[in-house]
Amino acid sequence: MIDSFKHWLEAFNWNQVFVFLVAFTASLFVARILIFVVNRTITSHLPAGKQAFVRKLGFYFLVVLALLGSLNFAGFNITWLMGAAGIFSVAIGFASQTSASNFISGLFLLGERPFQEGDTILIEDIQGQVLSIDMLSVKIRTFENLFVRIPNETMIKSKLTNYTKFGIRRLEIPVGLAYRTDLHLAEQVLLGVARDFAPAMRHPEPEFRALSFGDSAIQCSLLVWVNPENFPRMRTELIMRIQTALAAAGIEIPFPQRVVSINREEEPTA
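So the sequence shown is numbered by numbering that gives the first Met the number 0: it starts at 0 and just counts up by one.
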């Protein structure tokens, strides 16, 4: 056994190994330089989460390329390695179709950019803030402070709403007014509330709308454009101010009423 091991050592081409190690080390150095250049010129324009995604993907690709290139440069026959890699890839593909689908979906998310880290989104019945966009999934923190992991494939296939994509959001407050209300006065009062509401933007301007005649009230709404941050709190604050202002102006917000009429049949006369 010792003689066989000595024979293997004597037959082993150590020059090829040395050339491979030098070539592979140099290739890794070049790969790191390329990743640094790409990060400075291209990925710097992407959100932080997508920068990490692109860096990892690019680095792994360059490492595999450096390994194969160094083996070929050193004179090793890599034909068998390529064949084995192909068979291995097919086996892995069948075993991890879901992971592959999520990975490809992650690439589509990276290209389409429907949201970024920090955005508030609604996907199916899950609403919250995006924590990270990774190779296989998106991590979200809900407003109940729950951690939710959603596969990238689900993000691509499902309807998605991004509440913070455009930087401003319209806050709509429905208001029911009594039928005897002077709508011109109500408009002045509600627009005054909007103008005095600090988070409300001046452009686009606040807007009052009379929508329809309801069962017990004239249905109206006040439209105000605000910054999406702290949206639920701003809605609460604005509703409280509207209620106070309408009460001060003597404008009634009616509650639903029903009038029930009872028809009594007359007793037959003898």
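In this text, a Cβ means the ideal position worked out from N, Cα and C, and glycines have one as well.
What residue range is occupied by the uninterrupted beta strand (DSSP E) comprising residue i?
i, result
"N161", "L159 to N161"
"L145", "From DSSP, L145 is part of no beta strand (DSSP E); its letter is neither H nor E."
"L135", "Per DSSP, L135 belongs to no beta strand (DSSP E) and is neither H nor E."
Taking DSSP as the reference, what is the three-state secondary structure of residue i?
i, result
"I252", "coil"
"Q115", "coil"
"T141", "strand"
"A30", "helix"
"E261", "Checking the sequence, you will find Ile at residue 261 rather than Glu. Note: I261 maps to coil in three-state DSSP."
"S273", "Here the chain comprises residues numbered 0 to 269, so residue 273 is not present and cannot be evaluated."
"E171", "strand"
"G68", "helix"
"G166", "coil"
"F19", "helix"
Any idea if residue i is buried or exposed, counting beta-carbon neighbours within 10 angstroms, 16 or more meaning buried?
i, result
"V188", "buried"
"G166", "exposed"
"P205", "buried"
"A246", "exposed"
"N151", "buried"
"V137", "buried"
"A197", "exposed"
"I274", "Within the shown structure, residues of the chain are numbered from 0 to 269, placing residue 274 beyond reach of any answer."
"I120", "buried"
"I149", "buried"
"M239", "exposed"
"N101", "buried"
"A94", "The predicted position of A94 is uncertain, since its pLDDT is 47 and thus under 50; a value taken from the coordinates is nonetheless stated next. Exposed, because fewer than 16 other Cβ atoms sit within 10 Å of the Cβ of A94."
"F35", "exposed"
"F114", "buried"
"S211", "exposed"
"I122", "buried"
"T180", "buried"
"A65", "buried"
"V258", "exposed"
"G271", "Residue numbering for the chain in the displayed model covers 0 to 269; residue 271 lies beyond these limits and cannot be assessed."
Which residues bound the alpha helix (DSSP H) around residue i?
i, result
"T243", "F230 to A247"
"N151", "N151 to K156"
Which ranges does the beta strand (DSSP E) cover as unbroken runs of at least 3 residues, wholly within the segment 171-205, from first to last along the chain? none
With a threshold of 8 Å, are at least 3 pairs of Cβ atoms found where one atom belongs to the segment 138-147 and the other to the segment 181-196? no
Touch test, the segment 128-136 against the segment 168-177, Cβ-Cβ under 8 Å, three pairs minimum: No, they do not touch.
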